[in-house]
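Its first residue numbered 3, the sequence shown is counted upward by one per residue in the numbering used here.
Using N, Cα and C, we set each Cβ at its ideal position, and we do this for glycine too.
First up is the structure itself, then whatever we jot down about it.
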Amino acid sequence: MATRKTIESEKNMDDLDRKILQIITQNARIPFRDVAVQCGVSRAAVHQRVQRLFDDGVIVGSSYNIDPKSIGYSTCTYVGLTLEKGSLYHQVVVSLAQIPEVIEAHFTTGRYTMLIKLYARDNAHLMQLLNSRIQEIEGVVSTETLISLDQGLQKTVPIEISED
């Protein structure tokens with residue numbers, strides 16, 4: 003469900019905002035001067051637009067993406083959690099946030115109450131995380147583990163620009 007702020011932000015975005023987003027989502031380290039050249043505006047205009055997109059909650063963070071395997075986390079795993087009651091979701095999320103290896107948590111429809119993504123060093127580490135940490139969280143009734151063998155695709159959502 004979209005929040006009021008998200009809906010208002012979308013209404014306030016124009017094609018220049020969308021073009022800037024297209025460029026910076028492909029290369030977050032691109033200098034604003036290069037973005038400005040590609041967009042045909044000043045560097046100051048790009049800076050102001052990006053700052054507004056942060057302020058409006060359109061851009062929600064900035065970080066470097068690290069290959070988990072390069073720092074010893076070779077096992078990417080998705081875990082479906084079944085909770086005793088869906089209303090325990092927020093409480094379980096607080097507990098999951100205390101486990102550094104858990105990098106995503108989603109409240110879902112369908113077979114699982116939640117779906118989480120985590121990285122483990124190996125299968126023994128994964129088993130320890132599941133048995134000693136995740137399954138011990140109050141309200142977690144069961145888990146189902148899906149190990150990712152390879153990531154074939156990763157990209158951002160499409161950013162559409164008017165075809166004027």
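Residue burial annotation: V143 is exposed, with fewer than 16 other C-beta atoms found within 10 angstroms of its C-beta. Of the residues assessed, F34 falls on the buried side of the cut-off, its CB having 16 or more other CB atoms within 10 angstroms. Beta-bridge annotation (DSSP): Y121 is paired with C78.
The C-beta distance from G88 to T115 rounds to 6 Å, short enough to fall under 8 Å. In this structure, the alpha-carbon of L18 lies about 7 Å from that of C41. Across the structure, R54 and I32 are spaced so that their CA atoms are roughly 18 Å apart. Ranked by how close their Cα comes to the Cα of D16, the residues D36, R51, I26 and N29 have R51 in first place. The C-beta of K71 has fewer than 16 other C-beta atoms within 10 Å across all chains shown, which makes the residue exposed. The Cβ atoms of A107 and T77 do not sit closer than 9 Å to each other. Assigned with DSSP and collapsed to three states, S150 falls in strand. For I163, the CB contacts under 8 Å within the same chain, skipping 5 residues up- and downstream, are D17, R20, K21 and Q24 in chain order.
Non-local beta-carbon contacts of T27 in its own chain, meaning distances under 8 Å to residues more than five positions away in sequence, involve T158 and I161 in chain order. With 16 or more other Cβ atoms from the protein chains shown falling within 10 Å of its own Cβ, E103 counts as buried. Beta-bridge analysis with DSSP links S144 to T84.
Around the C-beta of V62, fewer than 16 other C-beta atoms lie within 10 Å, and the residue is accordingly described as exposed.
The beta carbon of L132 is closer than 8 Å to those of V81, T145 and T147 in its chain, skipping five residues each way along the sequence.
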